[in-house]
Amino acid sequence: MATGTSSVTDTTSHAAAAVEHEGMIDTRKMGVWTFLGSEVIFFGALIVTYLTLHNRPTSGPTAHESLSLLIPTINTMILLISSVAMVMGLAALRDDNVKGMIRWILVTAGLGTLFLILKGVEYYEHSQEGLTPAVNVFGSVYYTLTGFHALHVLIGVLWMLAAVGLASRGRFSARNYIPIEIMGLYWHFVDLVWVAVFMVVYLIR
Amino acid sequence: MESTTQKHSHPNYMMIGLMLVILTACEVGVVFLPIVQWPFLLLFGAAKALLIMAFFMHLKFDARIYVILFALPFPLAVLMMLIQFMS
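Quick look at the structure:
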């Protein structure tokens, strides 16, 4: 059942090994799912820390005073639509439409960049209102949680740009799509984390 | 570049994306209603997470071992939250 790829040496057999049917196991995907499992622990700990500390009575701005819904809601829509674009890119590649895949991945990277820009605008507004990481406990846990998520978005955008560069040189095809699927899994996980962050930080206050 | 004539069947990703956007609108709408909000927020959030995992991350179609690998840490995360709520 398991089809480990570590023993595969030549390009042709590597590409053939990359063609995995649903329901079969790929060692690279095993690795990325294990990594994502560790990320669940990482973000789970950050979210629990936020829940524990964000309402501690301290001086300075509180969650109720500082957080608005407009930018985070727009950012939620952006990330959800970017996930659609990512999965459309993978679908295009599996249909051997490399140009279509590049277009969709560029759309995804653009939406990820837009998310980061709006996050920057939100942070700027917070700083104008006196909410900084050092001002109180809420500031510390808020910036830690959302900052680590934004860092993951940035890594995803850079990963996508690198993948587009490789795709334009013919590195991916309908027979070698697993690297793009792995990148997609990472991006959807970043989206999944934002679903939790949006609910915990902005909706349940 | 190798080519293939075989087209793969894919779920309707646009429809799933639309459902996610609608669920997000419901989440935000609930915040403005004079009701106990958290059960609805948890319900909508869980529905969004399940849609993303099942269709975008292909867990509905992929090998069960991936589901197990990803799901294993969740009890620990829930335990951390329970400890937080009880303390």
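Protein chains in written order, with this note's numbering: chain W, 1 to 205; chain D, 1001 to 1087.
Don't be surprised by glycine CBs; every beta carbon is placed ideally from N, CA and C.
Predicted, not measured: the structure shown is a model, and the values here were computed from it.
Contact between Gly-156(W) and Tyr-186(W) holds, since their C-beta atoms are separated by about 6 Å, short of 8 Å. In this structure, DSSP gives Ile-25(W) an extended state, which the three-state scheme calls strand. Think of a sphere of 7 Å around the beta carbon of Lys-29(W): the chain D residues whose beta carbon falls inside it are Tyr-1066, in chain order.
DSSP, read as helix, strand or coil, puts Asn-176(W) in strand. Apart from sequence neighbours up to five positions away, the residues of its chain that approach Val-164(W) with a beta-carbon distance below 8 Å are Ile-102, Ile-105, Leu-106, Ala-109, ordered along the chain. For Phe-43(W), the secondary structure class from DSSP, reduced to helix, strand or coil, is helix. A Cβ-Cβ separation of about 28 Å leaves Lys-29(W) out of contact with Asn-75(W) under the 8 Å criterion.
Any Cβ of chain D closer than 8 Å to the Cβ of Ala-45(W) would place that residue at the interface, and such an atom is present. In this structure, Ile-71(W) sits away from Leu-114(W), with a CB-CB distance that is not shorter than 8 Å.
Distance between Glu-181(W) and Ser-1009(D), taken at the CA atoms: about 16 Å. In this structure, the alpha-carbon of Gln-1084(D) lies about 49 Å from that of Asn-97(W). DSSP places Glu-129(W) outside both helix and strand once states are collapsed to three, so it counts as coil. Residue nearest to Asp-191(W) within the set Ile-81(W), Leu-53(W), Leu-67(W) is Ile-81(W) (criterion: CA-CA distance).
For Val-1028(D), the residues of chain W that pass the 7 Å Cβ criterion are Leu-69, Thr-73, in the order they occur in the chain. Counting only Cβ-Cβ distances below 9 Å, Ala-1054(D) has no contacts in chain W at all, with the closest Cβ about 11 Å away. Your pair His-149(W) and Val-197(W) checks out as a contact, with CB atoms roughly 6 Å apart and the cut at 8 Å. Residues Leu-1023 of the same chain have their beta carbon placed closer than 8 Å to that of Ala-1047(D), with the five preceding and five following residues left out of the count. Shown here for Tyr-50(W): same chain residues with a beta carbon closer than 6 Å to its own, the five before and five after excluded, namely Val-141, Leu-145 in chain order. Going by beta carbons, Gln-1037(D) and Val-1028(D) fall outside the 8 Å limit. Contact between Phe-1074(D) and Val-40(W) holds, since their C-beta atoms are separated by about 6 Å, short of 8 Å. In the three-state reduction of the DSSP assignment, Ser-1009(D) falls in the coil class, being assigned neither a helical nor a strand state. Annotation for Ser-1087(D): no alpha helix (DSSP H) segment contains it, and DSSP assigns it neither H nor E. Taking the C-beta atoms as reference points, Tyr-1013(D) is found no nearer than 8 Å to Val-135(W). Contact note: Pro-1073(D) reaches chain W through Gly-37, Ser-38, Val-40, Ile-41, Gly-44, using a C-beta cutoff of 8 Å and chain order.
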